[in-house]
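Have a look at the structure below before the remarks.
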Amino acid sequence: LPLTPAGQTPIRALTIAGTDSGGGAGIQADSRTMAMCGVHACVAVAAVTVQNSVGVSGFHEIPPEIVADQVRVVVSDIGVGAAKTGMLASTTIIEAVAAVAAEVGIGRDRPIPLVVDPVCASMHGDPLLHEEALDAVRNTLIPAATVVTPNLDEVRLITGIEVVDDKSARQAAEALHALGAQWSIVKGGHLRTSELSTDLLFDGDRFLEFSSARIDTGNDHGGGDTLAAAITCALAHGYSVPDAVAFGKEWVTKCLEASYDLGAGHGPVSPLW
Ligand code: PLP
């Protein structure tokens, strides 16, 4: 992505998500990717997780009106070219975020594109979203998405579709689009049927495929956040959704190659090079 000369105001983007005390995923992954992409990261904290490389042992939700207020003050003063959501934890936070997004012009068919990463659980299976909030993800959050970026576990929880091959991946992309997302991505990184990792992008009309070499590493914490943050950066720069996804895919592949050991568990997918 183009960098801004020193001293000039760079492109800004907003992440509305949860923190990771271990610095691997969530808001930390988003801010790191945005900084490395030359984008100023604004952050609206929705939840604070108690987390290290081994797992998430708890989280604290920020009051919904405080989440919405963070979004409101950032957009009215600093201005952002794109936004993303990550861990939102609860129905009431999702509803507050959807309402403030509509108010300030964030979301599909609005001036500021929105990437929705519908975070449900960590890769260790620790919950990051209350189960009863899945209805709000389907009915309130996804309909506001310019792009929705679930992993295969999230696809199953949201649509009920178990993705096992290309056909079921296409069905899942159609189901996510039918929920109201302008574009849906079904990520193939966890589908071990090919040498390649292929993500499928769908806009209700055409399917586009984005493939990269599969990088086998145990240090894959925060990969989904990193992909969604990179797509957000490219959208903030005015890229089309397919071009932003192509950039995001390239970016997350480089970050997987650069991932490192941290603690006793899974190290982060990280753009520190
Ligand atoms: N913690 C937070 C705050 C997150 O947003 C996420 C993922 O989106 C995770 C943890 C889990 O990351 P992973 O599934 O890569 O462990």
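Every number in full-length UniProt numbering is 3 more than the matching position in the sequence shown, counting from 1.
Heads up, the beta-carbon is just placed ideally off N, CA and C, and yes, glycines get one too.
Being a predicted model, the structure only gives us computed values, none of them experimental.
Q | Distance cut-off 8 Å: D228 Cβ against heavy atoms of the ligand PLP | A | Taking the sequence shown and counting its residues from 1, the one referred to as residue 228 is at position 225. Because some heavy atom of the ligand PLP lies under 8 Å away, the Cβ of D228 counts as near it: yes.
Q. What is the DSSP secondary structure of D120, reduced to helix, strand or coil?
A. Within the sequence shown, the letter at position 117 stands for residue 120. In this structure, D120 counts as coil in the three-state DSSP scheme.
Q) Should A50 be counted as a contact of the ligand PLP given a C-beta to heavy atom distance under 8 Å? A) Position 47 of the sequence shown, counted from the start, is the residue given in the question as residue 50. Checking every heavy atom of the ligand PLP against the Cβ of A50, one is found closer than 8 Å.
Q: Please report how far the alpha carbon of H133 lies from the alpha carbon of V166, in whole angstroms.
A: Here the question's residue 133 lines up with position 130 in the sequence shown. Here the question's residue 166 lines up with position 163 in the sequence shown. The alpha-carbon atoms of H133 and V166 are separated by roughly 23 Å.
Q: Give the range of the alpha helix (DSSP H) segment to which L233 is assigned.
A: To locate residue 233, count along the sequence shown from 1; it is residue 230. Contrary to the premise, residue 233 reads as Ala rather than Leu in this sequence. Where A233 is concerned, the enclosing alpha helix (DSSP H) stretches over G226 to A239.
Q.
Measuring alpha carbon to alpha carbon, tell me which residue in D202, I218 and R217 is nearest L211.
A. The residue given as residue 211 occupies position 208 in the sequence shown. When only C-alpha atoms are compared, the closest one is D202.
Q) According to DSSP, which residues form a beta bridge with L203? A) If you number the sequence shown from 1, residue 203 lands on position 200. According to DSSP, which records beta bridges pairwise, L203 is partnered with V189 and E212.
**Q.** Three or more C-beta pairs below 8 Å linking the region 254-264 and the region 108-116
**A.** no
Q) Would the C-beta of H193 count as close to the ligand PLP, meaning under 8 Å from any of its heavy atoms? A) Stepping through the sequence shown from its first residue, residue 193 is reached at position 190. Every heavy atom of the ligand PLP is 8 Å or more from the Cβ of H193, so no.
Q) In whole angstroms, what is the alpha-carbon distance linking W186 and A44? A) For the purposes of this step, residue 186 is taken as the residue at position 183 of the sequence shown. For the purposes of this step, residue 44 is taken as the residue at position 41 of the sequence shown. Roughly 23 Å between the two C-alpha positions.
Q.
the ligand PLP and Q73: does the residue's C-beta get closer than 8 Å to at least one heavy atom of that ligand?
A. On the sequence shown, position 70 is the one that residue 73 refers to. No; taking the cut-off as 8 Å, the Cβ of Q73 has no heavy atom of the ligand PLP nearer than that.
Q) Would you call the CB atoms of V46 and T18 closer than 9 Å? A) Residue 46 sits at position 43 when you count from the first residue of the sequence shown. Residue 18 sits at position 15 when you count from the first residue of the sequence shown. Their beta carbons are under 9 Å apart, which means V46 touches T18 by this criterion.
Q: Please name the residue, chosen from I30, G25, T95 and Q11, that lies closest to L230 on a Cα-to-Cα basis.
A: As a working note, residue 230 is residue 227 in the sequence shown. For the residues I30, G25, T95 and Q11, the minimum Cα distance to L230 belongs to I30.
Q. On the premise that V74 lies in contact with V103, defined as a C-beta separation below 8 Å, what is that separation, rounded to the nearest angstrom?
A. Sequence index remark: in the sequence shown, residue 103 carries index 100 (1-based). Sequence index remark: in the sequence shown, residue 74 carries index 71 (1-based). At roughly 5 Å, the Cβ-Cβ gap stays under 8 Å, so V103 and V74 are in contact.
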